[in-house]
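Remarks on the structure that follows.
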């Protein structure tokens, strides 16, 4: 998915585990993206420095919301977004919503 990268942050955890979160937004909704383990080391610069990103990972649904455990991330350039739009391969966050019609948040 390609989205705006909003407010990347690394809050402290009780367990001492390493994690990085950011909120991603496309024109349909917001979603929490979570980076753990090697994904933090591999994509820290991308997440901290890129205003728009492409992320790939595993969707995790809990209660009424969902988030993504990110496995890969790339900075999104204007060239990338134009190529994706012209190929008709964009995926908005509504496409990954629950079957009852609620939006992942």
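Residue numbers (full-length UniProt numbering): 1 to 105. Note that beta-carbon positions come from the ideal geometry of N, C-alpha and C, so glycine has one too. Since the model is a prediction, treat every value here as computed from it, not as a measurement.
Three-state secondary structure assigned by DSSP to residue i
i: residue 7; result: strand
i: residue 25; result: strand
i: residue 2; result: strand
i: residue 96; result: Caution applies to residue 96, whose pLDDT of 48 falls short of 50 and renders its modelled position unreliable; the model cannot decide the point.
Assumed close pair residue i, residue j - CB separation to whole angstroms, cut-off 8 Å
i: residue 58; j: residue 71; result: 7 Å
i: residue 9; j: residue 36; result: Contact doesn't hold; Cβ gap of about 14 Å is too wide.
Residue i classed as buried or exposed, judged by whether at least 16 other C-beta atoms fall within 10 angstroms
i: residue 38; result: exposed
i: residue 86; result: For residue 86, the predicted model reports a pLDDT of 47, less than 50, meaning its position is unreliable; a value from the coordinates is still stated below. That one is exposed.
i: residue 15; result: exposed
i: residue 50; result: buried
i: residue 73; result: buried
Contacting residues, own chain, Cβ-Cβ under 8 Å from residue i (five flanking each side not counted)
i: residue 6; result: 22, 23, 24, 25 and 30
i: residue 40; result: 18, 19 and 20
i: residue 67; result: 31, 32, 33, 34, 59, 60 and 104
Spatial neighbours of residue i in its chain, beta-carbon cut-off 6 Å, leaving aside the 5 residues before and after
i: residue 76; result: 2, 52, 53 and 54
Spatial neighbours of residue i in its chain, beta-carbon cut-off 7 Å, leaving aside the 5 residues before and after
i: residue 13; result: 19
i: residue 69; result: 34, 36, 57, 58 and 60
Within the stretch 41-75, note down every full beta strand (DSSP E) run reaching 3 residues or more, in order along the chain.
52-62 and 65-75
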